[in-house]
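Working notes for the structure below.
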Amino acid sequence: MRGKLGDGFHYVSFGVGTGHKDGLIVEHLLERNPGMVYLPVDMSSEMLRLGTQESTHRVRLPGHRVVPVQVDFAIPQNLTELRGLVHRLVGDEPVLYSLLGNTLANFDDDGGLLANLTALARPQDRFLLEVASTDAVSDELAQEAVEEYARSRAYREFVTSALLHNTDLTINTDAVRFRGAVEGDRALRVKVIYQNQTGGDIQMMLPDRTRVPFPDGDTIRLYLTRKYLRKAQEEMVRAAGMRKVAATHSDFSAPRSAQGFGMDLLLLAPGEAPTPPAEPGTRTRADEIWES
Ligand SMILES: C[S@@+](CC[C@H](N)C(=O)[O-])C[C@H]1O[C@@H](n2cnc3c(N)ncnc32)[C@H](O)[C@@H]1O
Numbered sequence: 004m005r006g007k008l009g010d011g012f013h014y015v016s017f018g019v020g021t022g023h024k025d026g027l028i029v030e031h032l033l034e035r036n037p038g039m040v041y042l043p044v045d046m047s048s049e050m051l052r053l054g055t056q057e058s059t060h061r062v063r064l065p066g067h068r069v070v071p072v073q074v075d076f077a078i079p080q081n082l083t084e085l086r087g088l089v090h091r092l093v094g095d096e097p098v099l100y101s102l103l104g105n106t107l108a109n110f111d112d113d114g115g116l117l118a119n120l121t122a123l124a125r126p127q128d129r130f131l132l133e134v135a136s137t138d139a140v141s142d143e144l145a146q147e148a149v150e151e152y153a154r155s156r157a158y159r160e161f162v163t164s165a166l167l168h169n170t171d172l173t174i175n176t177d178a179v180r181f182r183g184a185v186e187g188d189r190a191l192r193v194k195v196i197y198q199n200q201t202g203g204d205i206q207m208m209l210p211d212r213t214r215v216p217f218p219d220g221d222t223i224r225l226y227l228t229r230k231y232l233r234k235a236q237e238e239m240v241r242a243a244g245m246r247k248v249a250a251t252h253s254d255f256s257a258p259r260s261a262q263g264f265g266m267d268l269l270l271l272a273p274g275e276a277p278t279p280p281a282e283p284g285t286r287t288r289a290d291e292i293w294e295s
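Those letters in the sequence shown? Residues 4 to 295, by the working numbering.
See the structure below:
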């Protein structure tokens, strides 16, 4: 994968998270472009601060070439402004964009988000996408996916952290529910919800002190995630106007993970994949148009 990327890249990371993966990428790119600019993008100020600290502490990247951007990248207007900022900083030099850690799967309109993010890429730019994958879809596998998340206490704490920080609810991690389903012929989907299991109607207070009713048995959606079939990944990439330059796959090493679950890392470039040459004697669409 590294060998597929040339020299001279700058780096824009959508969703820096803990910054561990960005640290490896920054190190690699900086060796090949001592003048690189790094733009970690995240809507969480906390993630941005901690993630950027982690991703840059091992390298000598001067502060003025690290430009943290706190925005919601799901809002198209923010991407328009980000595009202007990136191009002002790097000119025509190539940029590597990334969306790692299966972040794409958290969005209802995952294909739309990928198209909006990859639209920033010019012909000289590249886009690194990491998504969770499954070799097949079935109700049993959806259940296996649920169990993979549900058995982790750390995961329950992670998904309830937004409730903990943004409401005055007393969090009960046993009230976290996981619903698995097959999403058409494209993915296994896991929705994570929080259910009021207190046996009574309650009110929760938001940071601006408004009170919101939370009736008994009612639910709040905490998280959405998916594991994609490879053909769905390819379809999203194609629909976004991108082509695959390189790809790697790793099987989950987690104990008791279902067979066929893994992570795929795709290096994308703008433009369509070249169509393989037609077999001699095979009629193509061009032949039909020519003959009509
Ligand atoms: C699943 S984590 C992935 C982190 C990291 N890239 C990795 O692979 O370990 C997703 C990150 O994206 C950020 N994020 C999610 N949705 C976002 C949005 N709409 N705008 C900006 N940041 C977002 C989260 O705050 C979090 O840091």
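Virtual Cβ for every residue (Gly too), placed ideally from N, Cα, C.
Endpoints, beta strand (DSSP E) assigned at residue i
i	result
Glu121	The residue you asked about is not Glu; residue 121 is Thr in the sequence shown. No beta strand (DSSP E) holds Thr121; the alpha helix (DSSP H) holding it covers 113 to 121.
Thr251	245 to 254
Phe264	264 to 273
Ala190	190 to 198
Val19	Where Val19 is concerned, there is no enclosing beta strand (DSSP E), given that its DSSP letter is neither H nor E.
Pro97	That residue, Pro97, is in no beta strand (DSSP E); it is neither H nor E in DSSP.
Phe217	214 to 217
heavy atom of ligand 1 below 7 Å from residue i C-beta
i	result
Gly18	yes
Gly104	yes
Thr213	no
Met4	no
Phe76	yes
Val72	no
Met266	no
Val15	no
Ser47	yes
Lys234	no
Thr83	no
Met50	yes
Val89	no
Val195	no
Thr55	no
Lys7	no
Val29	no
Val134	no
Val44	yes
Neighbour-count burial assignment, residue i, 16 or more Cβ in a 10 Å radius
i	result
Val215	exposed
Glu294	Here Glu294 scores only 45 on pLDDT, less than 50, and its place in the model is too uncertain to base an answer on.
Arg169	Checking the sequence, you will find Asn at residue 169 rather than Arg. The residue is exposed, with fewer than 16 neighbouring Cβ atoms inside 10 Å.
Arg288	Reliability of the predicted coordinates at Arg288 is poor, the pLDDT of 43 falling under 50, and the value obtained from them is presented with this limitation in mind. Classification of Arg288: exposed, given that the 10 Å Cβ count is below 16.
Lys24	buried
Arg159	buried
Gly26	buried
Pro126	exposed
His13	buried
Lys234	exposed
Asp290	Residue placement at Asp290 is flagged as unreliable, the pLDDT there being 44, under the threshold of 50; the coordinate-derived value follows with that caveat. Looking at its Cβ environment, which holds fewer than 16 other Cβ atoms inside 10 Å, Asp290 is exposed.
Asp10	exposed
Leu167	exposed
Phe173	With the sequence shown as reference, residue 173 is identified as Thr, and Phe is not the correct amino acid for it. Exposed.
Leu209	exposed
Endpoints, the alpha helix (DSSP H) within which residue i is located
i	result
Glu237	233 to 242
Asp25	23 to 35
Whole-Å CB distance - residue i paired with residue j, under 8 Å assumed
i	j	result
Gly104	Gly187	The Cβ separation is near 24 Å, so there is no contact.
Gly198	Gly220	Strictly speaking, residue 198 in this sequence is Gln, with Gly absent from that position. Right, their Cβ atoms sit about 7 Å apart.
Leu64	Leu33	6 Å
Pro71	Leu51	5 Å
Met3	Ser253	Because the chain is modelled from 4 through 295, residue 3 falls outside the range shown and cannot be assessed.
Leu120	Asp113	Their Cβ separation, rounded to whole angstroms, is 11 Å, which puts Leu120 and Asp113 out of contact at 8 Å.
Val98	Val15	6 Å
Lys7	Leu269	Contact doesn't hold; Cβ gap of about 11 Å is too wide.
Ser101	Phe17	6 Å
Ala249	Val185	That belief does not hold up - the Cβ atoms of Ala249 and Val185 are roughly 29 Å apart, past 8 Å.
Arg154	Thr176	Contact doesn't hold; Cβ gap of about 12 Å is too wide.
Lys230	Ser136	6 Å
Phe130	Ala122	Contact doesn't hold; Cβ gap of about 10 Å is too wide.
Thr251	Met4	6 Å
Phe110	Val149	Not really, about 20 Å apart at Cβ, beyond 8 Å.
In chain order, each alpha helix (DSSP H) run of at least 4 residues that lies wholly inside the segment 55 to 82: none
3-residue-minimum beta strand (DSSP E) runs that sit fully inside the segment 108 to 188, ordered along the chain: 129 to 137, 179 to 186
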